[in-house]
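The opening residue of the sequence shown carries number 745 in our numbering; numbering runs sequentially from there. Cβ atoms here follow ideal geometry from the backbone N, Cα and C, with glycine treated the same way.
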Amino acid sequence: MPIDYKDSLNKLNQLLAESQGKPVSIESIVETLVTEDVDEELISLVKLALDSNEDHIGIREIVEGVFNLFNWREENC
745 MPIDYKDSLN KLNQLLAESQ GKPVSIESIV ETLVTEDVDE ELISLVKLAL DSNEDHIGIR
805 EIVEGVFNLF NWREENC
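If you want it as structure tokens, here you go:
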């Protein structure tokens, strides 16, 4: 099922606002962006991608990466 990107981004912005500057877990970000079919494999893929990135990464790149990993997995599994 396709992700409603606009709705997901709104939910993520709300999550970040509610965190009041405190760190937000990768699990929370993934679960907020992809409201269904979230499992440990997807969370692990996101963590691996973030850990392998040596450059500074912004929230936009994280969001795009999560969406891309989710879509890639949906198409290939």
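Three or more beta-carbon pairs drawn from the segment 804-813 and the segment 773-782 are found closer than 8 Å, and the two stretches are therefore classed as touching.
Residue state for residue 758 is assigned as helix, using DSSP reduced to three classes. In the DSSP assignment, residue 809 falls within the alpha helix (DSSP H) that extends over 803-820. Apart from the 5 residues on each side of it in sequence, residue 760 sits with its Cβ closer than 7 Å to the Cβ of 768 in its chain, given in chain order. If the five residues before and after residue 786 are omitted, its C-beta is found closer than 8 Å to the C-beta atoms of 774, 778, 813, 814, 817, all from its own chain and listed in chain order.
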